[in-house]
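Have a look at the structure below before the remarks.
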Amino acid sequence: MKEPVFAGRPAPAQPDLQELIGLVARGDHEAFSRVYDAVCGPVLGLVRAVLRDPAQSEEVTQEVLMEVWRTAARYQPSRGSAMTWILTLAHRRAVDRVRSAQAASDREQRAALLDRTPEYDEVTEQVEASLEREQVRRCLGGLTELQRQSVTLAYYRGLAYSEVAELLAVPLGTVKTRLRDGLIRLRDCLGVTV
Amino acid sequence: MTTADLHTLTGAYVLHALGPEERVEFEHHLMECPSCDQEVRELAATAGKLSLVVAMVPPPELKQQVMRRISTERQEPPGPGRARLERRSGGRALSRFVLAACVAAAMGLGGVSLWQHQEANDARQAAQRAERQSAELAAVLSAPDAKLAAGGLPGGAKGTVVVSTSLNKAAFFTSGMPEPAAGKVYQLWFNDNGTMRSAGLMNPATPNNAVLMKGPVDAASGMGVTVEPAGGSSEPTSAPLAVMNFPT
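Keeping their order, the protein sequence lines are chains A and B.
Using the working numbering, the first residue of the first sequence is number 293, and each one after it goes up by one.
Using the working numbering, the first residue of the second sequence is number 941, and each one after it goes up by one.
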């Protein structure tokens, strides 16, 4: 790689996450510490929402942060923000953990899991005051009931769309469509651009 | 799955709500659909915002542990590469992946171009996908003596069976299987010289499906698929949809 190396140059006072990831890619521990501070709260909260178990959640959160450290050089800003990249890693790892646990469990346990009452309302109970969080809450409230349930069950509970369909007793195709148009409505409400 | 159907999977994809085969099929589609790719980027950023609502304060010792771990963890260089794929998992990952690509090709998923694209662009992701499959399924695929045979199923669906004699295990892949009628399931069978021995049920929820056949291959010379009442049967109660001989 012919990329110039800036090792030793002091980091700017308030670099954004993308710049910090660039420094992490060059092995900068201090930059990684600041990335940790910026992302660990949402990462742990997301993993915990999916996995529930506190010890497993911390374990998976550690795996996510280690993956950030290992693969920082592979982050491509053209694919999206650094925060999105890290949260996508976190969600995928949490979901993988849930699915492997499901694969290991027998049919009864799996049925019990699907019978469990969805707790998506609980998710919004944990909110602290913050402008952006309030906006996300408000936009979630702007979805149709089926959109909101489909999106929150898939995102916060890590369910496959076939499981969402089973839980909500709606056809598979309906869930696929609600996941997409629900996220599109959220995107527009939050003004997300890439 | 039609192209129009694939377009609607952007939401399920960014929420990691697709099964492994559908995910591969959709990622293949993404390479050819710039508007889908753009939508995926936007919806992934949107989904990320949902995590703000559940953010929590991490315990202080978590940071200490992570900071300690990074000091002994090697970082990967930029860019994907086959060298890294081999280094990460030894030669086995590659042979497993080649075989998986063959299976995809046999299933009509355009496995060859998929393979080329991934080799060129993101071999590591592909290896991770393979790793995410159940360990036993991956073990059958990566067994040095794994052999595969492909065959047609009714309604244009395709089936591929992979057999490893050394592991005494077989895996069955389908593409385009319609869901069975209400109250019915697909059941797999080992063919023990004309006697059918149950090899478990096949999940009908996805049209593309990979399943590890239940039980040892032993002396079975082939396998079959039947439609059975929900829960399965101890012996076939209907004519098989397909009977395939194991590759020798």
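Note that the Cβ used here is the ideal one computed from N, Cα and C, for glycine as well.
- Restricting attention to E979/B, E1013/B, V1080/B, the CA atom closest to the CA of K1154/B is found in V1080/B.
- The alpha-carbon separation between R371/A and M1163/B amounts to approximately 45 Å.
- Residue pairing from DSSP places G1091/B in a beta bridge opposite G1099/B.
- According to the DSSP assignment, L1002/B belongs to the alpha helix (DSSP H) that extends over 1000-1010.
- In this model, E351/A and M375/A are separated by some 20 Å (Cα to Cα).
- Taking all protein chains in view, the Cβ of T1177/B is surrounded by fewer than 16 other Cβ atoms within 10 Å, so the residue is classified as exposed.
- Going by beta carbons, A323/A and L338/A fall outside the 8 Å limit.
- For S1173/B, the closest alpha carbon among the candidates L992/B, V1183/B, M1184/B, M1136/B is that of M1136/B.
- Of the other Cβ atoms in all chains shown, fewer than 16 fall within 10 Å of the Cβ of L423/A; this residue is therefore exposed.
- Per DSSP, the continuous alpha helix (DSSP H) segment holding V342/A begins and ends at 321-343.
- A Cβ-Cβ separation of about 35 Å leaves R479/A out of contact with T1114/B under the 8 Å criterion.
- Residue range 309-317 is occupied by the alpha helix (DSSP H) that includes L312/A, with no beta strand (DSSP E) assigned at that position.
- Using a Cβ-Cβ cut-off of 8 Å, R326/A does not count as an interface residue toward chain B, since no Cβ of chain B sits closer than that to its own.
- Excluding five sequence positions before and after V1167/B, the CB atoms of its chain that fall closer than 7 Å to its own CB belong to P1120, K1124, Y1126, S1178, L1181, given in chain order.
- DSSP places R1137/B in the uninterrupted beta strand (DSSP E) bounded by 1135-1142.
- F1112/B sits in a strand when the DSSP states are folded into three classes.
- With a cut-off of 8 Å on Cβ pairs, the stretch 974-988 of chain B is not in contact with the stretch 1004-1016 of chain B, counting fewer than three such pairs.
- At a cut-off of 8 Å between C-beta atoms, A985/B counts as an interface residue with respect to chain A.
- For P1118/B and G1099/B, the gap between their C-alpha atoms comes out near 13 Å.
- At a Cβ-Cβ threshold of 8 Å, Y453/A and A1139/B do not count as neighbours.
- A direct Cα-to-Cα measurement between P1000/B and Q354/A gives close to 13 Å.
- V954/B: not part of any beta strand (DSSP E); member of the alpha helix (DSSP H) spanning 950-954, first to last residue.
- In the three-state DSSP reduction, V1165/B falls in the strand class (E or B).
- Excluding sequence positions up to five before and after S1104/B, its CB lies within less than 7 Å of the CB of V1080, A1083, D1085, A1086, all in the same chain and listed in chain order.
- For R344/A, the closest Cβ of chain B is not nearer than 8 Å.
- Residues A1111, A1150, L1152 of the same chain have their beta carbon placed closer than 7 Å to that of L1077/B, with the five preceding and five following residues left out of the count.
- The C-beta distance from V331/A to V390/A rounds to 21 Å, too long to meet the 8 Å contact threshold.
- DSSP places F1130/B within a strand segment (E or B) once states are collapsed to three.
- Secondary structure of A1150/B (DSSP, three-state): strand.
- Separation of the CB atoms of E1016/B and R362/A is rounded to 5 Å, and the pair is thereby assigned contact status at 8 Å.
- L992/B and C973/B have their C-alpha atoms spaced approximately 30 Å apart.
- In this structure, L983/B is the residue among L983/B, L1093/B, T1012/B with its C-alpha nearest to the C-alpha of C481/A.
- Per DSSP, reduced to three states, the secondary structure at S1174/B is coil, with no helix or strand assignment.
- DSSP, read as helix, strand or coil, puts A393/A in helix.
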